[in-house]
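This report concerns only the one structure given below.
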Amino acid sequence: MVQMNPQIRPGISFQNRFPPRRPPMIPGFPGMPRKIPVTNKENFFKSKKFLVLLKSKKFLVLLAGVVLIFLIILMAVLLKENKNEGLISCNDNSDCSNYKVCTGGTCVSQNLVACSEGQTRECGLNDLGECSFGVERCADGQWSGSCELEVRPTIEICDSLDNDCDGNIDEENICGNGGGSSSGGGDDFSCQNGTTKVCGIDLGECVKGNETCINGNWSGSCYGGISPINEIC
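What the sequence shown shows, in the working numbering, is residues 524 to 756, in sequence order.
Encoded structure:
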């Protein structure tokens, strides 16, 4: 025979006998369940304790010690790398790695060299007149300091050339009273009729010409030459 639960009797509703549980209500807000507040953990780095710790001498000493140890380890690693790389022989940069270059037959740090083996650069004062630039070569990771094939200025002489490389020819009365000039213009002193002299310049697109003596004076015109004009693109 089936036994019935004594709490369940005919005429009594099951839902009325065992009503569903509801969360507790917040006073003043009927119908809203009470939420369990979440504990806010205090941010340590914004707390007063952390600020006090920052100002303490012990913390500063500890921080300085950590930084010092880090620097010592870093220097030891760098020295070890340079020492190990220095023992590696090489023929060119392809034999080296880790930002190293081949210098003097060994791999060294790229930060320790000013240039690469075989590299060249232009050197010299200028390329005006009889002067010209030279070439400086890289040797053992450093610029040699020697400017090969450079033609440097010399003392100006009367030869229709710009010996001192200042853009002027036979200036400062170098050829006598009146002297020459960069433009090849006429001179004040007398000359023998029919004689000629070289005038003008031969830099870039310019070509030297000849100036003729007329009536005992230089004509001031440079025939057969190409004179400078305004630079165009």
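From the three backbone atoms N, C-alpha and C, an ideal C-beta is built for every residue, glycine too.
Separation of C698 and V636 (C-alpha to C-alpha, rounded to the nearest whole angstrom) is 51 angstroms. Here DSSP, grouped into helix, strand and coil, assigns G747 to coil. The three-state reading of DSSP puts G739 in coil, since its state is none of H, G, I, E or B.
In this structure the stretch 638-652 lies against the stretch 674-689, because at least three pairs of beta carbons, one per stretch, are closer than 8 angstroms.
Excluding its 5 nearest sequence neighbours in each direction, C681 has C-beta neighbours in its own chain below 6 angstroms: D693, I697, C698, listed in chain order.
Restricting attention to S742, V600, D689, C619, the CA atom closest to the CA of C630 is found in C619. By the neighbour-count definition (other C-beta atoms within 10 Å, threshold 16), G664 is a buried residue.
Bounds of the beta strand (DSSP E) holding G657 are 657-662.
One alpha carbon belongs to K578, the other to L594, and they sit about 24 angstroms apart.
Of the residues G739, K731, N616, W741, the one whose Cα lies closest to the Cα of P751 is K731. Distance from C670 to C646 at the Cβ level is roughly 4 angstroms; contact confirmed, criterion being Cβ atoms closer than 8 angstroms. Residues G723, I749, S750, P751 of the same chain have their beta carbon placed closer than 7 angstroms to that of C729, with the five preceding and five following residues left out of the count.
Going by C-alpha positions, G628 is about 5 angstroms away from C613. For the alpha helix (DSSP H) assignment, the uninterrupted runs of no fewer than 4 residues enclosed by the stretch 568-649 are, from N- to C-terminal side, 571-578, 580-609. Per the C-alpha coordinates, the member of G727, L726, G717 positioned closest to N733 is G717. If you ignore the 5 residues before and after C714, its C-beta comes within less than 7 angstroms of the C-beta of C736, G739, N740, W741, all in its own chain and listed in chain order. As DSSP reads the structure, G732 sits in a beta bridge with C722.
Each of L574, L591, V658, V575 was checked against the Cα of V674, and the nearest Cα belongs to V658.
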